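Contents: one structure, followed by commentary.
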Amino acid sequence: MAFVIAAPCIADYSCVEACPVDCISPGPDDPGFDKAEQLFIDPQNCIDCGVCVDVCPVDAVYEADLLPPKWAHYEQINAQYFEELS
Ligand code: SF4
Ligand code: SF4
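Under the working numbering, the letters of the sequence shown match residues 613 to 698, in that order.
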């Protein structure tokens, strides 16, 4: 079970800098970094440490099981971002 970034994300990159396994994209070396309006968590690599939840200034990160119903589809949106990269 991975964590998921939902609609409130303002792409301030606090979580990118804090994530211990570098599974939040796009990061500074990725295409689209400077134009990103929201970031995504790779469900294959997230280790469920919860650090990103603590550093997010807008409460945009949720455990997948605890996503508010209106943002439940963000689990698929996060996963799809990485499927399209591969
Ligand atoms: S829960 Fe931990 S491993 Fe997963 S995205 Fe957040 S900081 Fe990274
Ligand atoms: S810390 Fe929160 S607002 Fe900032 S990029 Fe991560 S999820 Fe988005």
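All residues carry an ideal CB built from backbone N, CA and C; glycine is no exception.
Remember, predicted model here, so these are calculated numbers, not experimental data.
Using a Cβ-Cβ cutoff of less than 6 angstroms, which residues in the same chain neighbour residue i once the five nearest sequence positions on both sides are dropped?
i: P638; result: G644, F645 and A648
i: V665; result: V673
i: S626; result: V667
By Cβ distance, which residues of its chain are closer than 7 angstroms to residue i, with the 5 residues on each side in sequence left out?
i: N657; result: V633 and C635
i: E675; result: M613 and F615
i: I659; result: V633
i: D677; result: M613
Taking C-beta to C-beta, are residue i and residue j nearer than 8 angstroms?
i: V667; j: A630; result: yes
i: A691; j: P655; result: yes
i: V616; j: Y686; result: yes
i: A619; j: W683; result: yes
What are the boundary residues of the alpha helix (DSSP H) that residue i is part of?
i: Y693; result: Y686 to L697
Segments of 4+ residues assigned as alpha helix (DSSP H) that fall wholly inside the stretch 620-696: Taken in chain order, the unbroken stretches of alpha helix (DSSP H) that lie wholly in the stretch 620-696 and span 4 residues or more are 626-630 and 663-667.
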